[in-house]
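Line order of the protein sequences matches chains A and B. Mapping of the first sequence onto the numbering used here: residues 1 to 268, in sequence order. Mapping of the second sequence onto the numbering used here: residues 1001 to 1265, in sequence order. All remarks here apply to the structure that follows.
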Amino acid sequence: MMSTGDEHRTKQVWLGAASVIGVAALGLVLWQWAIYFFHLPPILLPSPWQVLQAAIQERHPLFEGTLATGIAAVVGLATAVGIGCILAIAFSQSNLIRKAVFPYVIFLQTVPVVAIAPLLITWSGYTFRTIVLVTVIICLFPIVNSVTEGLMSAQKDLNDLFRLYGAGRAKRLAWLQMPTAIPFLVIGMKTSSGLAVIGAIVAEFFVGNGSNYNGLGTLMTGWQAYQRTDALIAAIFASTLLGLLLFGLVSLLSITVFGRWTTGYRNR
Amino acid sequence: MSGNPAKSLKMNQADDAARFSIRCNDLSVQFANNFVAVDHVQLDIEAGHISVLIGPSGCGKTTILRLIAGLQTPSTGNVDLRPNSTAGDGQIAFVFQQPSLLPWRTAMENVILPLELLGRGDAKDRHNQAMQTLASVDLADSHDRLPHQLSGGMKMRVSLARALVTEPSVLLLDEPFAALDDMLRSQLGELLLRLWQERLFTTVMVTHNIAEACVMAHQIHVMREGQIEQSIENPLPWPRSETLRRRPEFGDFYGRVGDALRDDA
């Protein structure tokens, strides 16, 4: 038998799901209405039904493209997490390193990735590696920023406690600072999960056309060239779903692998 | 029964040797912004006694605790602990104003932490030691709860257990009950007194609460602007408990300490 609290939570979940579906239905109605009201041709805005048909018709390239982009996004995100954590640890251990290097990490965030993508292709070629490189650049800043903040946010009292029992810098890092930083890492990863998909697709715009690589970005540029707006919109939906999937995976990690650290943090 | 409870509790010579006396010699701390937090403090704390530092905020009470703990380097003077204690030997324990528990560790794991950091015993020994200490603060049943599953008072008791698990000779408490309501404060004060009467660790406690100071202390040191302005011997009888507050002489002594603080103000 469900308790009142469980019933309330279940009701809230259903209410949340119903409201999301309701907004989607409203969007579809508005979409269809706009086509009818403004007499829009399918080349400018196909109907939801036409997009669905295109998605079914192009399901194989769409699936393979989503998979290719997904792999690039995951590899890029994972690499950014690795590099970001190493940089953040260095920043947390030395003010000098942080002051000297952090501005360059900010530079990576501010430089338009579209502007440097051609340069990266010159250096790295029309390869999967270039796509991952662009993804890493776009994902790195949120990870470094969050994890550095996390590593430096360990309570002063706890630092004193560790010092009182003779814990050196390495032990304080491993036992106190790193676990404290895990919830911050998760926040950084959640922010970067959406960016990873964006980074991979932007890189594919440039890389895909010069190779036999067929990610979502490559498909989009191809379909745009052939004025396949219906398939283009289907690809946009696929990329959105991919972003949501990646965000969901990070959220799943946060409550499974990192659950012990994130639960305690949420309920402090 | 009055005077030194160590005598009244018939401590033997071996126990006396295990307890620490603390002498602060001409202790000063000046921060980089030239603020003098502690100004030539001379303070003697007898082994097995409870000393309370009381005074307005910012008068240097916590800095003195940090100096005794070795967490702060003095600008002048030194802290002399007898017998000698080296940093990180677990002889000195600190209870902070906030429980300051690791949120990802259970109550038991938080209590085990000092033993792990000191590398004492094997896993089983540590577990047993931590369990005994948790039981001494009446939390054995909650050993597997995470801090967010504990109430404020329970968290503070875990914090106290964490401090006591190494069986320290010196216990430093920095307004440990300040964040708790009066009822909890009184219960934890009672618990601390019970634990002290069992173990007789030399204790230095910072508090703003005059009644708490009167119940706990052998000596009350009234501080102002980094200096100890007055040290007052507590004449109230031992053993003590929170019921002491109902005795007429408690009121007299409370008034005396209050006057000393007001004189300072």
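Just so it is clear, CB atoms sit at the ideal spot from N, CA and C, and this is done for glycine as well.
Would DSSP call A/LEU173 helix, strand or coil? Looking at A/LEU173 - three-state DSSP - the assignment turns out to be helix.
Could you tell me which of B/VAL1111, B/GLY1189, B/HIS1221 and B/VAL1052 sits nearest to B/GLU1242, measuring between CA atoms? Out of B/VAL1111, B/GLY1189, B/HIS1221 and B/VAL1052, B/GLY1189 has the C-alpha closest to the C-alpha of B/GLU1242.
Would a check of beta-carbon distances place A/ALA167 closer than 8 angstroms to chain B? Answer yes: the Cβ-Cβ gap between A/ALA167 and chain B drops below 8 angstroms somewhere.
Does the beta-carbon distance from A/ILE83 to A/LEU140 come in below 8 angstroms? Less than 8 angstroms separates the beta-carbon of A/ILE83 from that of A/LEU140.
Could you tell me the boundaries of the alpha helix (DSSP H) in which A/VAL250 lies? Run containing A/VAL250: 229-255, per the alpha helix (DSSP H) assignment.
Close beta carbons around A/THR110, own chain, < 6 angstroms, minus the five adjacent residues each side: None.
Just grab the DSSP bridge partners of B/GLU1233 for me. Answer is B/GLN1219.
Among A/LEU241, A/VAL257, A/LEU249 and A/ARG260, which residue has its Cα nearest to the Cα of A/GLY65? Answer by Cα proximity: A/LEU241.
Any C-beta of chain A within less than 7 angstroms: which residues of the stretch 1117-1151 of chain B qualify? Cβ contacts with chain A come from LEU1117, LEU1118, LEU1146, PRO1147 and HIS1148.
Cβ of B/ILE1092 within 8 angstroms of any chain A Cβ: So yes, B/ILE1092 belongs to the interface.
Does the beta-carbon of B/ARG1185 have 16 or more other beta-carbons within 10 angstroms, so that it is buried, or is it exposed? Burial state of B/ARG1185 is buried, judged by a 10 Å Cβ sphere holding 16 or more other Cβ atoms.
Would you mind telling me which residues of chain A sit closer than 7 angstroms to B/TRP1104, beta carbon to beta carbon, in chain order? The answer, in chain order, is PRO179, ARG260, TRP261 and GLY264.
Cβ-Cβ separation, B/SER1021 to B/THR1203 (assumed contact under 8 angstroms), whole Å: B/THR1203 to B/SER1021, Cβ: 12 angstroms. No contact.
Is it the case that the Cβ atoms of A/SER193 and A/LEU133 are separated by a distance below 8 angstroms? At least 8 angstroms separates the beta-carbon of A/SER193 from that of A/LEU133.
Is it buried or exposed for B/ASP1039, if we count other Cβ within 10 angstroms and need 16 for buried? By the 10 Å Cβ count, B/ASP1039 comes out buried.
Does any CB atom of chain A fall closer than 8 angstroms to the CB of B/ALA1037? For B/ALA1037, the answer is no, since every Cβ of chain A falls outside 8 angstroms of its Cβ.
Are any of the Cβ atoms in chain A nearer than 8 angstroms to that of B/PHE1096? By the rule that beta-carbons nearer than 8 angstroms mark a contact, B/PHE1096 touches chain A.
Would you decide whether B/LEU1113 is buried or exposed? Buried here means 16 or more other CB atoms lie within 10 Å of its CB. Under a 10 Å Cβ-count criterion, B/LEU1113 is classified as buried, with 16 or more other Cβ atoms of the shown protein chains found around its own Cβ.
Give the secondary structure of B/ASN1078 by DSSP, where H, G and I count as helix, E and B as strand, and everything else as coil. The answer is strand: DSSP assigns B/ASN1078 an E or B state.
What are the boundary residues of the alpha helix (DSSP H) that includes B/LEU1172? Taken as a continuous stretch (DSSP letters only), B/LEU1172 belongs to no alpha helix (DSSP H), being part of the beta strand (DSSP E) at 1170-1174.
Report all residues from its chain with a CB closer than 8 angstroms to the CB of A/LEU253; omit the five preceding and five following residues, and keep chain order. Residues of the same chain with a CB within less than 8 angstroms of the CB of A/LEU253, apart from the 5 flanking positions on each side, are VAL186 and MET189 in chain order.
When DSSP labels each residue in this structure, what does B/ALA1123 get in the three-state scheme? The three-state secondary structure of B/ALA1123, taken from DSSP, is helix.
Alpha helix (DSSP H) runs wholly inside the stretch 94-178 of chain A, at least 4 long, in chain order: Fully enclosed alpha helix (DSSP H) runs of 4 or longer: 95-110, 113-124, 128-151, 156-164 and 169-172.
Give me the Cα-Cα distance between A/TRP49 and A/PHE206, rounded to the nearest whole angstrom. Roughly 31 angstroms between the two C-alpha positions.
Inter-stretch contact at 8 angstroms, needing at least 3 Cβ pairs: the stretch 1213-1231 of chain B / the stretch 1096-1114 of chain B: The stretch 1213-1231 of chain B, when compared against the stretch 1096-1114 of chain B, does not touch it at the 8 angstroms Cβ threshold.
From B/LEU1173 to A/VAL75, what distance separates their C-alpha atoms? Put simply, the backbone Cα of B/LEU1173 is about 50 angstroms away from that of A/VAL75.
Within 10 Å of its beta-carbon, does A/ILE233 have 16 or more other beta-carbons around it, so buried, or fewer, so exposed? When all chains shown are included, A/ILE233 counts as buried.
Where do the ends of the alpha helix (DSSP H) carrying A/PHE37 lie? Segment 4-38, the alpha helix (DSSP H) holding A/PHE37.
Identify whether A/ALA88 lies in helix, strand or coil by the three-state DSSP scheme. Annotated three-state conformation of A/ALA88 is helix, per DSSP.
Beta-carbon contacts of A/VAL51 that lie in its chain and below 6 angstroms, excluding the five residues immediately before and after: Answer for A/VAL51: ASP230, ILE233 and ALA234, listed in chain order.
Tell me which residue opens and which closes the alpha helix (DSSP H) that B/ARG1194 is part of. Taken as a continuous stretch (DSSP letters only), the alpha helix (DSSP H) holding B/ARG1194 covers 1182-1199.
Kindly indicate which residue of A/ALA196, A/LEU161 and A/TYR213 has the alpha-carbon position closest to the one of A/ALA73. The residue with the shortest Cα to Cα distance from A/ALA73 is A/ALA196.
Length of the line joining the Cα atoms of B/GLN1097 and A/TYR104: In a straight line, the C-alpha of B/GLN1097 is about 40 angstroms away from that of A/TYR104.
Using beta-carbon positions only, say whether A/LEU108 and A/ALA238 come within less than 8 angstroms of one another. A/LEU108 places its beta carbon 8 angstroms or farther from that of A/ALA238.
Quick check on the burial criterion: 16 or more other C-beta atoms within 10 angstroms. Buried or exposed for B/ASN1034? Here B/ASN1034 is exposed: its Cβ has fewer than 16 other Cβ atoms, across all protein chains shown, within 10 Å.
Just mark A/VAL147 as buried or exposed, buried being the case when its beta carbon has 16 or more other beta carbons within 10 Å. Buried is the call here.
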